[in-house]
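As you go down the protein sequences, you meet chains S and P in turn.
Residue 191 in the numbering used here sits at position 117 of the first sequence; the count goes up by one each step and never skips.
Residue 177 in the numbering used here sits at position 102 of the second sequence; the count goes up by one each step and never skips.
Just so it is clear, CB atoms sit at the ideal spot from N, CA and C, and this is done for glycine as well.
Remember, predicted model here, so these are calculated numbers, not experimental data.
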Amino acid sequence: AQKVTQAQTEISVVEKEDVTLDCVYETRDTTYYLFWYKQPPSGELVFLIRRNSFDEQNEISGRYSWNFQKSTSSFNFTITASQVVDSAVYFCALSEAERASYDKVIFGPGTSLSVIP
Amino acid sequence: DAGVIQSPRHEVTEMGQEVTLRCKPISGHNSLFWYRQTMMRGLELLIYFNNNVPIDDSGMPEDRFSAKMPNASFSTLKIQPSEPRDSAVYFCASSLRSGTTSSTGELFFGEGSRLTVL
Numbered sequence: 075a076q077k078v079t080q081a082q083t084e085i086s087v088v089e090k091e092d093v094t095l096d097c098v099y100e101t102r103d104t105t106y107y108l109f110w111y112k113q114p115p116s117g118e119l120v121f122l123i124r125r126n127s128f129d130e131q132n133e134i135s136g137r138y139s140w141n142f143q144k145s146t147s148s149f150n151f152t153i154t155a156s157q158v159v160d161s162a163v164y165f166c167a168l169s170e171a172e173r174a175s176y177d178k179v180i181f182g183p184g185t186s187l188s189v190i191p
Numbered sequence: 076d077a078g079v080i081q082s083p084r085h086e087v088t089e090m091g092q093e094v095t096l097r098c099k100p101i102s103g104h105n106s107l108f109w110y111r112q113t114m115m116r117g118l119e120l121l122i123y124f125n126n127n128v129p130i131d132d133s134g135m136p137e138d139r140f141s142a143k144m145p146n147a148s149f150s151t152l153k154i155q156p157s158e159p160r161d162s163a164v165y166f167c168a169s170s171l172r173s174g175t176t177s178s179t180g181e182l183f184f185g186e187g188s189r190l191t192v193l
């Protein structure tokens, strides 16, 4: 069964520090999709990235970067030079693509990030 | 373009009452998801539809919960009778799954419906 683990429940950093949010997933499929979402204090869920299992290239978008390693079943998210506006709960999610229940997007428990000015 | 629209945004009701949450997905999207978010259980997938057909409802907690999607532009999640433990934020999300290949697109979420059952 698909499963997503985010071992860090809460993280606090001082502004301008770098921070990495960990995500470990479990799946028996060889084709799957991984996602990161952000939930700021206002409550909406904001899409950050989608990655398929065949694309292990790291991705960088501004201060955000993602490290996908199939060997360790991890899809970690790094924020460089953190800002107060980065304070939010971040969710990693997984969707398996080979079974009848494809499209079933399962979320991890989330990591609450607090960036202190 | 309008995003996913949910109503009501807030609902306060008494135990035993029927609750109906509504969702209008993004036009053209063919997958629709209902999630429930609580502090204790996080974001739980309740049910999802593809082309208006329920694909997986294994996350629906019990028979008190039911969901329908009568057409591509409307879905409801009903709780009858409601209980205090149903208090949560209920999110609807839609996405576009492409063609005949399994390709889960980005989920677009509504703002959520905050339900409080007294």
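In this structure, S:Glu118 is the residue among S:Val98, S:Glu118, S:Arg124 with its C-alpha nearest to the C-alpha of Ala162 (chain S). Counting C-beta pairs with one atom in each stretch, the segment 87 to 101 of chain P and the segment 147 to 160 of chain P have three or more that are closer than 8 Å, which means they touch. Taking a beta-carbon distance threshold of 8 Å, Arg172 (chain P) counts as an interface residue toward chain S. The Cβ of Leu119 (chain S) sits closer than 8 Å to at least one Cβ of chain P. Leu108 (chain S) sits buried, since 16 or more C-beta atoms from the chains shown fall within 10 Å of its C-beta. Beta bridge pairing from DSSP links Pro183 (chain S) with no other residue. Counting only residues of its own chain and dropping the five nearest sequence neighbours on each side, Thr152 (chain S) has a CB closer than 8 Å to the CB of Asp92, Val93, Thr94, Leu95, Tyr138, Ser139, Trp140, Asn141. When secondary structure is reduced to three states using DSSP, Lys144 (chain S) falls in the helix class.
Taken atom to atom, the span from the alpha-carbon of Asp129 (chain S) to that of Tyr123 (chain P) is near 26 Å. Counting only the Cα atoms, Arg102 (chain S) lies some 13 Å from Val78 (chain S). Under the three-pair Cβ rule at 8 Å, the segment 101 to 109 of chain P counts as touching the segment 154 to 170 of chain P. Neighbourhood of Arg124 (chain S) in chain P, by CB distance below 7 Å: Glu181, in chain order. Taking all protein chains in view, the Cβ of Ile190 (chain S) is surrounded by fewer than 16 other Cβ atoms within 10 Å, so the residue is classified as exposed.
The beta-carbon separation of Leu168 (chain S) and Tyr99 (chain S), rounded to 5 Å, stays under the 8 Å limit for a contact.
Scanning its chain for C-beta atoms nearer than 6 Å, with the 5 sequence neighbours on each side dropped, one finds around Gln76 (chain S) the residues Thr101, Leu168, Glu170, Ile180, in chain order.
Between Pro114 (chain S) and Asp160 (chain S), the alpha-carbon positions lie close to 8 Å from each other. The three-state reading of DSSP puts Pro145 (chain P) in strand, counting E and B together. Interface criterion not met: the Cβ of Ser150 (chain P) is under 8 Å from no Cβ in chain S. Annotated as distal: Glu181 (chain P) and Gln81 (chain P), with beta-carbon spacing of 8 Å or more. One finds nothing in chain P with a Cβ atom closer than 9 Å to the Cβ of Gly136 (chain S); even the nearest lies about 18 Å away.
The closest CA to that of Phe108 (chain P), considering only P:Gln92, P:Gly134, P:Met90, P:Met115, is found on P:Gly134. Counting only the Cα atoms, Leu190 (chain P) lies some 9 Å from Pro159 (chain P).
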